[in-house]
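Working notes, beginning with the structure itself.
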Amino acid sequence: MDPNPPPPPDCNIVINKNDGGINIMQEEDYHSSSSATTMSVNTETALIVTESTTDEHKATSPGNSCHTDNNINSSTRRDLRYWILLVITYAALVVGSVSSSLLSRFYFIHGGSSRWVSTFVQSAGFPVLLVPIYLPMLFNKNHNKPWPFSSFTLKLLLISIAIGLMLGVNNLLFSWGVSYLPVSTASLLLSTQLAFNLILSVIIVKQKVTFKNLNCVVLLTLSSVLLALTHSHDRPEGVSQKQYFLGFFSILGAGLLFALYLPLVDMIYSRNVKSYELVMEMQFVMELAATVLATVGMLADGGFGEMKKESLSVFNLGTTSYWLTIGFTIFCWQFTFMGTAGLVFLTTSLNSGICMTAILSMNVVGGVLAYGDSFGGAKAISTVLCVWGFSSYLYGEYIKMKDPKKELLLEEENGEENRIEMKTMNHNQDSRIVA
5 MDPNPPPPPD CNIVINKNDG GINIMQEEDY HSSSSATTMS VNTETALIVT
55 ESTTDEHKAT SPGNSCHTDN NINSSTRRDL RYWILLVITY AALVVGSVSS
105 SLLSRFYFIH GGSSRWVSTF VQSAGFPVLL VPIYLPMLFN KNHNKPWPFS
155 SFTLKLLLIS IAIGLMLGVN NLLFSWGVSY LPVSTASLLL STQLAFNLIL
205 SVIIVKQKVT FKNLNCVVLL TLSSVLLALT HSHDRPEGVS QKQYFLGFFS
255 ILGAGLLFAL YLPLVDMIYS RNVKSYELVM EMQFVMELAA TVLATVGMLA
305 DGGFGEMKKE SLSVFNLGTT SYWLTIGFTI FCWQFTFMGT AGLVFLTTSL
355 NSGICMTAIL SMNVVGGVLA YGDSFGGAKA ISTVLCVWGF SSYLYGEYIK
405 MKDPKKELLL EEENGEENRI EMKTMNHNQD SRIVA
């Protein structure tokens with residue numbers, strides 16, 4: 005008989021984030037009161053670790069070591085869908101971020117200038133999220149998945165609405181900031197969100213600061229700063245000093261709010277959310293709340309009339325091109341938010357922030373390819389720093405995930421060393437007491 009039987013084809017993977025870890029298990033194990041083995045993925049590195057419920061003697065015995073190997077292999081196979089989902093999430097974030105950035109620039113290049121329109125398009129595509137919410141139901145052969153939104157409690161609904169309103173304010177601040185500031189200054193200020201994200205992640209979700217994540221934060225921040233310093237910081241033509249400072253503090257506030265958003269939802273996911281589908285359901289409610297806020301603002305300030313005017317007489321490529329630009333921008337922004345929320349759930353808030361900042365710097369390459377922007381020495385160095393920082397971070401993740409059994413043995417050795425050290429300390433204390 006095969007000692008490592010594969011999991012049932014229809015078993016569901018449930019992710020349980022708690023106490024600084026992500027537990028990935030079969031749904032029946034999650035609902036049971038005691039689980040023989042779960043697969044724990046470290047929140048910083050998605051490291052697979054098999055937890056043993058035996059005592060110390062059994063944990064170090066040869067027979068139990070073989071049993072641990074079997075559990076790791078079985079858990080790895082069971083976790084295949086997790087990694088597929090993680091790759092899709094990374095792809096959605098990269099494609100969505102780069103595309104929405106290029107389309108937003110396309111909108112402004114060809115005559116668009118409305119801050120409310122720029123705010124509205126960032127969240128108005130929330131119906132797109134219904135696809136990842138309802139699509140899993142088509143593959144639910146045993147009908148053992150809960151119906152979408154059936155797991156929502158009143159508490160979770162209110163939390164989602166509150167965070168959605170915060171996202172709406174963040175979108176508005178971002179739109180106001182980029183309308184009054186040069187792109188270089190806006191990029192410089194937005195790059196500070198990664199440092200804020202690291203600090204807030206340490207405070208809110210007890211993120212461990214290691215050399216590799218600190219090194220990545222420093223390199224990516226330097227990359228963005230160098231990129232910003234290559235351009236003039238003079239006020240754009242037609243922008244008053246008051247408007248310039250308004251844009252300055254608006255974009256800084258947007259960076260702070262986004263840095264707060266990431267660890268905040270990380271904490272909420274760890275306490276209330278156990279499946280990717282529920283993450284998308286929460287994101288749907290958040291984006292809906294942000295859209296309601298933007299819609300109220302547009303109605304109060306004539307934003308829809310301004311949108312109609314832009315489509316008819318301002319946008320220099322014509323009405324059809326205007327609405328296609330708006331539509332694709334709305335669609336791409338949802339990929340961005342879907343990828344951001346998914347990464348926070350599947351990895352950590354810091355990892356999501358690192359990816360967002362890396363993409364912010366890499367948008368330079370998109371500008372060169374799409375709009376023929378110049379690519380001088382400073383931009384080349386900035387791009388190298390960005391790739392270096394992000395690659396070193398991913399390599400560190402790969403090394404820690406490459407051999408989970410080795411990592412498990414290292415943890416056991418460290419635990420044994422700690423026990424020996426504790427016994428030595430107790431012995432010394434007893435000796436002093438006797439003396």
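Mapping of the sequence shown onto my numbering: position 182 corresponds to residue 186, and the numbering continues sequentially without gaps. We treat Cβ as the ideally placed atom computed from N, Cα and C, and that holds for glycine.
Taking all protein chains shown into account, decide if residue i is buried (16 or more other Cβ within 10 angstroms of its Cβ) or exposed.
i, result
"T58", "Because T58 carries a pLDDT of 40, less than 50, the predicted location of this residue cannot be relied on, and no value is offered for it."
"A166", "exposed"
"F200", "buried"
"T344", "buried"
"M43", "Summary for M43: the model assigns pLDDT 39, below 50, so the residue's position carries little reliability; its value from the coordinates is reported in the next sentence. So M43 counts as buried."
"G381", "exposed"
"A96", "buried"
"W337", "buried"
"P150", "exposed"
"M360", "buried"
"T54", "Note that T54 has pLDDT 37, beneath the 50 cutoff, so the model's placement of it is unreliable and the number below is only indicative. The residue in question, T54, is buried, as its Cβ has 16 or more Cβ neighbours within 10 Å."
"T295", "buried"
"Y86", "buried"
"N144", "exposed"
"K159", "exposed"
"P131", "exposed"
"I330", "buried"
"G346", "buried"
Taking Cβ to Cβ, would you say residue i is nearer than 8 angstroms to residue j?
i, j, result
"F394", "A362", "yes"
"L226", "V348", "no"
"F339", "G100", "yes"
"A293", "N174", "no"
"L89", "Y280", "yes"
"S205", "L354", "yes"
"L230", "G357", "no"
"L282", "S155", "yes"
"T214", "L176", "no"
"S164", "M271", "no"
"M290", "G168", "yes"
"S317", "G251", "no"
"E401", "G116", "no"
"L261", "M170", "yes"
"L364", "I255", "no"
"F379", "V372", "yes"
"T352", "Q211", "yes"
"L268", "C390", "no"
"A304", "S127", "no"
"F288", "I137", "yes"
Tell me which residues share the same chain as residue i and place their Cβ nearer than 7 angstroms to its Cβ, disregarding the 5 neighbours each side in the sequence.
i, result
"T333", "S104, L107, S108, Y111 and V125"
"Y273", "K21, V283, V348 and F349"
"G129", "I334, F335, W337 and Q338"
"L321", "H114"
"C220", "I358, G393, F394, S396 and Y397"
Would you give the residue range spanned by the alpha helix (DSSP H) that residue i belongs to?
i, result
"V318", "No alpha helix (DSSP H) contains V318, which DSSP labels as neither H nor E."
"P299", "The residue asked about is misnamed: residue 299 is Thr in this sequence, not Pro. Where T299 is concerned, the enclosing alpha helix (DSSP H) stretches over Y280 to D305."
"S254", "Q245 to N276"
Leaving out five residues before and five after residue i in sequence, what residues of the same chain have Cβ atoms less than 6 angstroms from its Cβ?
i, result
"M311", "V121"
"A263", "Q197, F200, N201 and L204"
"V222", "none"
"H147", "none"
Could you tell me if the beta carbon of residue i falls within a distance shorter than 7 angstroms of some heavy atom in the ligand SAM?
i, result
"F178", "With respect to small molecules bound, the structure shown includes none, and the ligand SAM cannot be examined in it."
Given residue i, which residues of its chain have a CB within under 8 angstroms of its CB, disregarding the five upstream and five downstream residues?
i, result
"R119", "L176, S179, W180 and S183"
"G370", "V102, S105 and L106"
"F308", "M302"
"P140", "K149 and E281"
Report yes or no: is there a C-beta of chain B within less than 8 angstroms of the C-beta of residue i?
i, result
"L264", "The question asks about chain B, but that chain is absent: this structure has only one protein chain."
Review point. Quick one: complete beta strand (DSSP E) runs, 3+ long, within the stretch 113 to 151?
Key: none
Review point. Unbroken alpha helix (DSSP H) runs of length 4 or more, entirely within the stretch 172 to 216: which are they?
Key: 187 to 208
Practice item. Kindly provide the ranges of any alpha helix (DSSP H) runs that are 4 or more residues long and lie completely inside the stretch 316 to 390, ordered along the chain. Key: 323 to 350 and 353 to 375
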